[in-house]
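Read the structure below first, then the notes.
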Amino acid sequence: MANLASLVGQQKIFLMIGTAFGSFMLGVIMPASPPVNEELKLPAPQLTPVGKKEKQNLLNVKPAIEHRIKGFNTKAAQIQAQHEKRFNFSVPARFEGAITYEIKLNSKQKVVALTFDDGPWPDTLQILNILKQNKIKATFFWIGRHLQIYPEIGKKVVAEGHAIGNHTWNHQYHQVDRFIAAREIEDTASLIYKITGVKTAMFRPPGGILDNGLAAYAQAQKMVVAMWSTDTLESYSPSPQEIINTVLSNAQSGAVVLMHDGGGNHSNTLKALPQIIAELKKQGYKFVTLPELLEMQDKELVAQAKSTNSRAEKP
Ligand SMILES: [Zn+2]
């Protein structure tokens, strides 16, 4: 037992010596306080002081950005309006359910609207070329079943910025009930929208017939029944010169000219059209679409009503 006690005592001594030596060596190896903090004492960054001019420039940035945002919004609104104008042929409220012929303008501005019925049709492409060469826009009244056959021609008409109206699906002349009228007009409207994205509030009754149920249906849908003031009478096969004479002898401010691009032979119309345009231009006429013409008359009537009211209010 004595041996065991001395053995434990010896171990204690060794342990104490070991611990002391370990602590000493640790102190040698590791510095008392790490020099890291010392090394991180970097000089303060030298910022260039902002001068008066720079301060002013910084202040100017805000209104400049605001101006750019405003400009961007204005541009976006303009694009939206152009898009609306190209794909939505609505009519001013006073024309909803109305029947129009020529669109009289008090200002006597020399404007005329060329309209083409019964397309889309292969001949439409030649009409488009003539209109494009002359940088003018026209209005096309489409037959649903023709658009179904020539959807690509329909797309081209819209892409080139012309106005579109509804001319029924089957070009019906005979009396129709409300159900048939709805199918004739609504099916055509749906296909126009499906193929071109266009919505139109303009309806032209086939043959100009106003009492067979179709026009009445269109009026009930608040569409304008868009007739014409000059008929080129193509169904009687007039010569190109006769077509030219008919249009020119009836030329007047707000005239709406009826021609055809679909459903037959239009070679004489194609021959007459460049001359009609050239002569009317020479006489100072500008070419507008039918919705543009309706809008022009609407603006005049609004201005007229305002001036009448202000006169009435004066003592
Ligand atoms: Zn027709």
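Going by the numbering used here, the letters in the sequence shown line up with residues 2 to 316, in that order.
Beta carbons: idealized from backbone N, C-alpha and C, even for Gly.
As the structure is a computational prediction, the values presented were derived from the model and not from experiment.
Worksheet entry | Cβ pair count under 8 Å reaching 3, the region 231 to 248 against the region 296 to 315 | no
Discussion item. Which same chain residues end up closer than 8 Å to His147 when comparing Cβ atoms and leaving out the 5 residues on each side of it in sequence?
Written reply: Asp119, Gly120, Pro121, Trp122, Gly263, Gly264
Item to complete: Using three-state DSSP, classify Tyr203 as helix, strand or coil.
Response: In the sequence under discussion, the amino acid at residue 203 is Met, which differs from the Tyr named in the question. Strand.
Fill in: 8 Å Cβ cutoff met for Trp143 and Gly155
yes
Worksheet item: Any heavy atom of ligand 1 within a distance shorter than 7 Å of the CB on His172?
Response: yes
Item to complete: List in chain order the residues whose CB is within less than 5 Å of at least one heavy atom of ligand 1.
Response: Asp118, Asp119, Pro207
Worksheet item: Tell me which same chain residues have a C-beta within less than 6 Å of the C-beta of Met260, skipping the five on either side of it?
Response: Phe117, Thr233, Thr270
Worksheet entry | Where Lys282 falls: helix, strand or coil (DSSP) | helix
Discussion item. Measuring only the C-alpha atoms, how far is Thr309 from Lys300?
Written reply: 14 Å
Item to complete: Compare the C-alpha of Lys282 against each of Tyr174, Asn58, Gly98, Lys111 and name the closest.
Response: Lys111
Fill in: Straight-line Cα distance separating Pro93 from Val303
11 Å
Worksheet entry | Beta-bridge pairing of Asn167 - partner residues as DSSP gives them | Trp143, Phe204
Worksheet entry | Inter-residue spacing [alpha-carbon to alpha-carbon] between Phe141 and Ile186 | 15 Å
Worksheet item: Helix, strand or coil: which one does DSSP assign to Lys300?
Response: helix
Discussion item. If I measure Cβ to Cβ from Gly1 and keep anything under 8 Å in the same chain, skipping five residues before and after, which residues do I get?
Written reply: Outside the displayed span of the chain (2 to 316) sits residue 1, for which this structure offers no information.
Worksheet item: Mind checking whether the beta-carbon of Ser308 lies closer than 7 Å to any heavy atom of ligand 2?
Response: Because ligand 2 does not appear in the structure shown, any question about it cannot be addressed here, the ligands present being ligand 1.
Discussion item. One question on the structure: do Ala114 and Val248 come within less than 8 Å of each other, judged by their Cβ atoms?
Written reply: no
Item to complete: Just list the beta strand (DSSP E) runs in the region 210 to 253, keeping only unbroken ones of 3 residues or longer that don't cross its boundaries, in chain order.
Response: 225 to 227
Practice prompt. Answer with buried or exposed for Leu211, where buried requires no fewer than 16 other C-beta atoms within 10 angstroms of its C-beta.
Written response: exposed
Worksheet entry | For Val159, the first and last residue of its enclosing alpha helix (DSSP H) | 152 to 160
Worksheet item: Can Thr125 and Val158 be called in contact, C-beta distance under 8 Å?
Response: yes
Discussion item. The alpha helix (DSSP H) that contains Thr197, what's its start and end?
Written reply: 179 to 197
Discussion item. Tell me the rounded alpha-carbon separation between Asn61 and Lys76.
Written reply: 23 Å
Worksheet item: Is Leu1 helix, strand or coil by DSSP?
Response: The first residue shown for the chain is 2 and the last is 316, placing residue 1 beyond what the model contains.
Worksheet entry | For Thr290, three-class secondary structure by DSSP | coil
Worksheet item: What's the gap between the Cα of Asn246 and the Cα of Ala252?
Response: 10 Å
Discussion item. Assuming contact is defined by CB atoms lying nearer than 8 Å, are Leu106 and Ser250 in contact in what I supplied?
Written reply: no
Item to complete: Using a Cβ cut-off of 8 Å (strictly closer), state whether Phe180 contacts chain B.
Response: Note that chain B does not occur in the displayed structure, where there is just one protein chain.
Discussion item. Taking 8 Å as the limit between beta carbons, can you name the residues of its chain near Ala313, skipping five residues before and five after?
Written reply: none
Worksheet entry | Reduced DSSP secondary structure (H/G/I, E/B, other) of Leu106 | coil
Worksheet item: Among residues of its own chain, excluding the 5 on either side of Ala219, which ones have a beta-carbon nearer than 7 Å to its beta-carbon?
Response: Ile186, Phe204, Val226
Worksheet item: Which residues in the same chain have their Cβ closer than 7 Å to the Cβ of Pro241, if we skip the five residues on either side of it in sequence?
Response: Asn269, Lys272, Ala273
Worksheet item: Helix, strand or coil for Ile84 per DSSP?
Response: Per the sequence shown, the amino acid found at residue 84 is His instead of Ile. Three-state DSSP puts His84 in a helix.
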